[in-house]
Amino acid sequence: DAKTTQPTSMDCAEGRAANLPCNHSTISGNEYVYWYRQIHSQGPQYIIHGLKNNETNEMASLIITEDRKSSTLILPHATLRDTAVYYCIVSPGEKDSNYQLIWGAGTKLIIKP
Amino acid sequence: SAVISQKPSRDICQRGTSLTIQCQVDSQVTMMFWYRQQPGQSLTLIATANQGSEATYESGFVIDKFPISRPNLTFSTLTVSNMSPEDSSIYLCSHNGVGTDTQYFGPGTRLTVL
Numbered sequence: 114d115a116k117t118t119q120p121t122s123m124d125c126a127e128g129r130a131a132n133l134p135c136n137h138s139t140i141s142g143n144e145y146v147y148w149y150r151q152i153h154s155q156g157p158q159y160i161i162h163g164l165k166n167n168e169t170n171e172m173a174s175l176i177i178t179e180d181r182k183s184s185t186l187i188l189p190h191a192t193l194r195d196t197a198v199y200y201c202i203v204s205p206g207e208k209d210s211n212y213q214l215i216w217g218a219g220t221k222l223i224i225k226p
Numbered sequence: 153s154a155v156i157s158q159k160p161s162r163d164i165c166q167r168g169t170s171l172t173i174q175c176q177v178d179s180q181v182t183m184m185f186w187y188r189q190q191p192g193q194s195l196t197l198i199a200t201a202n203q204g205s206e207a208t209y210e211s212g213f214v215i216d217k218f219p220i221s222r223p224n225l226t227f228s229t230l231t232v233s234n235m236s237p238e239d240s241s242i243y244l245c246s247h248n249g250v251g252t253d254t255q256y257f258g259p260g261t262r263l264t265v266l
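Line by line, the protein sequences are chains U and C. Using my numbering, the first residue of the first sequence is number 114, and each one after it goes up by one. Using my numbering, the first residue of the second sequence is number 153, and each one after it goes up by one.
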């Protein structure tokens, strides 16, 4: 079973920051937080991942709470093309899981003009 | 990340037949994976394709139904055997990024079984 809880759906206005929350209260010390998204009818796209420090790349920022029990993915200036299902996944990565990812239901993010 | 492609992108098949899906990566990767995504659902891992050995299947998936090949470090196939309408899904392959723990996905194969 997935170890994360996400809202089923969210709306965001185009041009605004989209903040997607994820709860992972049972996360283990060696588990990373990964975010992927899936635009309709396409394969999932990797966005970002982190262990305990906040991370930023060209797509998004990942804010992980100090206790690591929750995180927030931030799309700083959402566009219509960011409409997708966003998945938050916790995984130990290669050493302890052989790269296995367990997918929950995700959050359907709709960007509105 | 290595570019990953799948063939066919979609197919409509008759029940009782089999379909082989190909997954090609443009550089050598250690791990390749096959997932199923049923309509309106999230992804479920079918198996890990191991180069030079048999695939490792997840609970609920068996080799007779989903035989997998991994002849080299850039290519894998998944066969959906003796299909029924319940096999209608998107089938996705993925690989681990070289030197990272991140998985990268192909575009998927949309299968409809009549």
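Yeah, the Cβ is synthetic: ideal placement off N, Cα and C, and Gly gets one too. Keep in mind the model is a prediction, meaning the values are calculated, not measured.
Exercise. What are the partner residues of C/Gln255, as DSSP defines its beta bridges?
Worked result: On the second sequence, position 103 is the one that residue 255 of chain C refers to. In DSSP, C/Gln255 forms a bridge with C/Asn248.
Exercise. List, in order along the chain, the chain C residues whose C-beta lies closer than 9 Å to that of U/Trp148?
Worked result: By 1-based counting over the first sequence, the position of residue 148 of chain U is 35. What U/Trp148 touches in chain C: nothing, since even the nearest Cβ is about 11 Å away.
Problem set entry | Closer than 9 Å at the beta carbon, the chain U residues around C/Asp178 | For the purposes of this step, residue 178 of chain C is taken as the residue at position 26 of the second sequence. Close partners of C/Asp178 in chain U (Cβ separation under 9 Å) are lacking, with about 15 Å as the shortest Cβ gap.
For this session: Check whether the segment 171 to 184 of chain C touches the segment 142 to 162 of chain U, taking contact to mean three or more Cβ pairs, one atom from each stretch, closer than 8 Å.
Result: Taking 8 Å as the limit for Cβ pairs, the verdict is that the segment 142 to 162 of chain U does not touch the segment 171 to 184 of chain C.
Problem set entry | Start-to-end residues for the beta strand (DSSP E) that takes in C/Thr261 | Taking the first residue of the second sequence as 1, we reach residue 261 of chain C at position 109. Where C/Thr261 is concerned, the enclosing beta strand (DSSP E) stretches over 261 to 265.
Exercise. U/Ile187 bridges to which residues according to DSSP?
Worked result: If you number the first sequence from 1, residue 187 of chain U lands on position 74. DSSP output for U/Ile187 lists U/Asn132, U/Ser174 as bridge partner(s).
Exercise. What span of residues does the beta strand (DSSP E) with C/Ala201 cover, start to end?
Worked result: As a first step, residue 201 of chain C is located in the second sequence; it is residue number 49 there, counting from the start. Per DSSP, the unbroken beta strand (DSSP E) holding C/Ala201 starts and ends at 195 to 201.
Problem set entry | Contact list for C/Phe257 against chain U, beta-carbon separation under 9 Å | Mapped onto the second sequence, residue 257 of chain C falls at position 105. Simply Tyr149, Gln151, Gln155, Gly156, Pro157, Gln158, Tyr159.
For this session: Could you check the C-alpha separation between C/Ile156 and C/Tyr256 for me, to the nearest Å?
Result: As a working note, residue 156 of chain C is residue 4 in the second sequence. As a working note, residue 256 of chain C is residue 104 in the second sequence. Roughly 8 Å separates the two Cα atoms.
Exercise. Helix, strand or coil: how does DSSP classify U/Leu193 here?
Worked result: Here the question's residue 193 of chain U lines up with position 80 in the first sequence. Helix at U/Leu193.
For this session: Could you check if C/Thr169 is buried or exposed, using at least 16 other CB atoms within 10 Å of its CB as the buried criterion?
Result: On the second sequence, residue 169 of chain C is found 17 positions in, with the first residue counted as 1. By the 16-neighbour rule on beta-carbons within 10 angstroms, C/Thr169 is exposed.
Exercise. Buried or exposed: where does U/His190 fall if 16 or more other Cβ atoms within 10 Å of its Cβ makes it buried?
Worked result: For this step, residue 190 of chain U is matched to residue 77 along the first sequence. Exposed, because fewer than 16 other Cβ atoms sit within 10 Å of the Cβ of U/His190.
For this session: Return helix, strand or coil for U/Pro120, following the three-state DSSP convention.
Result: Taking the first sequence and counting its residues from 1, one reaches residue 120 of chain U at position 7. Here U/Pro120 sits in coil by DSSP.
Problem set entry | Distance between U/Ile224 and U/Gln213 (C-alpha atoms, nearest Å) | Taking the first sequence and counting its residues from 1, one reaches residue 213 of chain U at position 100. Taking the first sequence and counting its residues from 1, one reaches residue 224 of chain U at position 111. Approximately 30 Å, taken between the alpha carbons.
For this session: Scan the segment 194 to 211 of chain C for residues whose Cβ lies nearer than 7 Å to a Cβ of chain U and list them as they occur along the chain.
Result: Going along the segment 194 to 211 of chain C in chain order, one finds Ser194, Leu195, Leu197, Thr200 with a Cβ nearer than 7 Å to chain U.
For this session: Identify the contact partners of U/Tyr145 in chain C, using a Cβ-Cβ distance below 8 Å as the criterion.
Result: The sequence position of residue 145 of chain U within the first sequence is 32, counting from 1. Going along chain C in sequence order, the residues near U/Tyr145 (Cβ under 8 Å) are Asp253.
Exercise. So which residues on chain C does U/Ala197 lean against when the C-beta distance must stay under 9 Å?
Worked result: Sequence index remark: in the first sequence, residue 197 of chain U carries index 84 (1-based). Listed by position along chain C, the residues whose Cβ is nearer than 9 Å to that of U/Ala197 form an empty set, because the closest Cβ is around 13 Å away.
Problem set entry | Through-space distance from U/Ile215 to U/Asn143, alpha-carbon basis | As a first step, residue 143 of chain U must be located in the first sequence, where it is residue number 30. As a first step, residue 215 of chain U must be located in the first sequence, where it is residue number 102. Rounded to the nearest angstrom, the gap between the Cα atoms of U/Asn143 and U/Ile215 is 16 Å.
Exercise. C/Pro223 by DSSP, collapsed to three states: which one?
Worked result: By one-based count along the second sequence, residue 223 of chain C stands at place 71. DSSP places C/Pro223 in strand when its eight states are reduced to three.
For this session: Indicate the three-state DSSP secondary structure (helix, strand or coil) for U/Glu168 in the structure shown.
Result: On the first sequence, position 55 is the one that residue 168 of chain U refers to. In the three-state DSSP reduction, U/Glu168 falls in the strand class (E or B).
Exercise. Are any of the Cβ atoms in chain U nearer than 9 Å to that of C/Leu230?
Worked result: For the purposes of this step, residue 230 of chain C is taken as residue 78 along the second sequence, with counting starting at 1. Contact with chain U is absent for C/Leu230, since none of that chain's Cβ atoms lies less than 9 Å from the residue's Cβ.
For this session: Output the distance between the C-alpha atoms of U/Ile118 and U/Gln155, rounded to the nearest integer angstrom.
Result: Position 5 of the first sequence, counting from 1, holds the residue named residue 118 of chain U. Position 42 of the first sequence, counting from 1, holds the residue named residue 155 of chain U. The sequence given here has Thr at residue 118 of chain U, not Ile. Between U/Thr118 and U/Gln155, the C-alpha separation is close to 23 Å.
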